[in-house]
Amino acid sequence: MEKLQQLYEGKAKKVFATDDPNIVIVDYKDDATAFNGLKKGTIVGKGVINNKMTNFMMQKLEEAGVPTHFVKQLSDRETAVKKVSIVPLEVIVRNISAGSFSKRYGVEEGIVFDAPTIEFSYKNDDLGDPLLNDYHAVALKLATWEEINLIKDYTFRVNDFLKSYMKGIHIDLVDFKLEFGKTSDGKIVLADEISPDTCRLWDEKTHEKLDKDRFRRDMGNVEDAYQEIMRRLMGE
Ligand code: UDP
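Take any residue in the sequence shown, count from 1 to its spot, add 6: that is its number in my numbering.
1. Could you tell me the distance, in whole angstroms, from the CA atom of I235 to the CA atom of T204?
2. Which residue from N42, Q79, G47 and G43 puts its Cα closest to that of D36?
3. How about I31 and T74: are their beta carbons less than 8 Å apart?
4. Can the beta-carbon of I98 be found less than 8 Å from the beta-carbon of D181?
5. State the DSSP-derived secondary structure class of A86, mapped to helix, strand or coil.
6. Measuring alpha carbon to alpha carbon, tell me which residue in V54, V93 and D33 is nearest T189.
7. Is DSSP giving T212 helix, strand or coil here?
8. By DSSP, does N61 sit in helix, in strand, or in coil?
9. With respect to 7 Å, is the separation between the Cβ of S190 and the closest non-hydrogen atom of ligand 3 below this value?
10. Roughly how far, in whole angstroms, is the beta-carbon of V195 from the beta-carbon of K88, given that I think they are within contact range, below 8 Å?
11. Return helix, strand or coil for K52, following the three-state DSSP convention.
12. How many angstroms separate the CA atom of D178 from the CA atom of D209?
13. Can you tell me whether DSSP reads L44 as helix, strand or coil?
14. Rounded to a whole number of angstroms, what is the C-alpha to C-alpha distance between N165 and N101?
15. Quick check: is any heavy atom of ligand 1 less than 7 Å from the C-beta of T204?
Here it is, written out as structure tokens:
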């Protein structure tokens with residue numbers, strides 16, 4: 007497979023065309039942003055970790071029956087994935103209160119929910135990714151009801167898998183964000199990434215944050231936290 011021209015550069019990844027019209031290559035950067043791009047920085051080694059963790063999880067999820075865009079890891083930072091059109095929704099699952107949930111509803115972080123919650127944001131930087139419900143998403147034609155129901159079903163399956171996998175390495179999966187895409191033949195697949203950039207991961211005993219909140223909140227030891235996740239996941 008040949009890496010051709012760059013198609014797109016996002017906040018954390020670049021996307022390149024290949025000689026196969028149905029395959030693109032994502033290239034993970036060390037660049038970090040927060041608060042809709044207002045805060046910028048670098049997390050050294052993050053691109054490698056996010057690439058490897060995402061691919062690791064996507065392969066496991068495929069085995070668990072969730073279709074993904076994953077095709078093949080090409081290098082430490084590069085992965086071939088199916089070309090999709092991204093459904094412009096951020097799908098967020100929460101098992102424990104934190105972040106914008108705590109802020110919005112005026113509750114402390116760390117409340118363990120009896121059952122996971124799901125919410126959607128409209129992926130639109132100009133509007134600041136506003137919260138919306140499934141009826142709004144259908145009204146705006148961001149997805150059909152059929153697609154939304156499938157996305158919800160896959161998302162809860164991802165939560166079941168990811169939560170128990172993380173528990174096995176003594177991490178509480180607090181919340182995470184998923185994105186889905188549509189392949190050229192109209193199939194909904196899990197896309198984007200699953201990494202400490204997109205998940206809140208707390209040590210089960212100490213409740214130490216091992217995710218991007220260390221960057222967002224200037225807590226220090228950001229690189230160490232990403233490395234620690236990698237070490238527990240893959241012994242690296
Ligand atoms: N998240 C993300 N990208 C976003 C917004 C949120 O990956 O643009 C992730 C975030 O890392 C966390 C979860 O989604 O794991 C829930 O985030 P929240 O809504 O609490 O927003 P935040 O506090 O990060 O602004």
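Cβ atoms here follow ideal geometry from the backbone N, Cα and C, with glycine treated the same way.
Keep in mind the model is a prediction, meaning the values are calculated, not measured.
Looking at the atomic coordinates:
1. Spanning the two alpha carbons is a distance of roughly 13 Å.
2. Looking at the Cα atoms, G47 is the closest of the given residues.
3. Inclusion of I31 and T74 in the CB contact set at 8 Å is not warranted, their separation being larger than that value.
4. Against a cut-off of 8 Å, the Cβ pair of D181 and I98 comes out as a contact.
5. Residue state, collapsed to three classes: strand.
6. Taking each of V54, V93 and D33 in turn and checking the Cα distance to T189, the smallest one comes out for V93.
7. Residue state, collapsed to three classes: coil.
8. Here N61 sits in helix by DSSP.
9. For ligand 3, the structure offers nothing, since it holds only ligand 1.
10. Going by Cβ atoms, the distance from V195 to K88 rounds to 7 Å, so yes, they are a contact pair.
11. DSSP places K52 in helix when its eight states are reduced to three.
12. Near 6 Å, if we compare the C-alpha coordinates of D209 and D178.
13. Secondary structure of L44 (DSSP, three-state): coil.
14. A direct Cα-to-Cα measurement between N165 and N101 gives close to 9 Å.
15. For ligand 1, at least one heavy atom lies less than 7 Å from the Cβ of T204.
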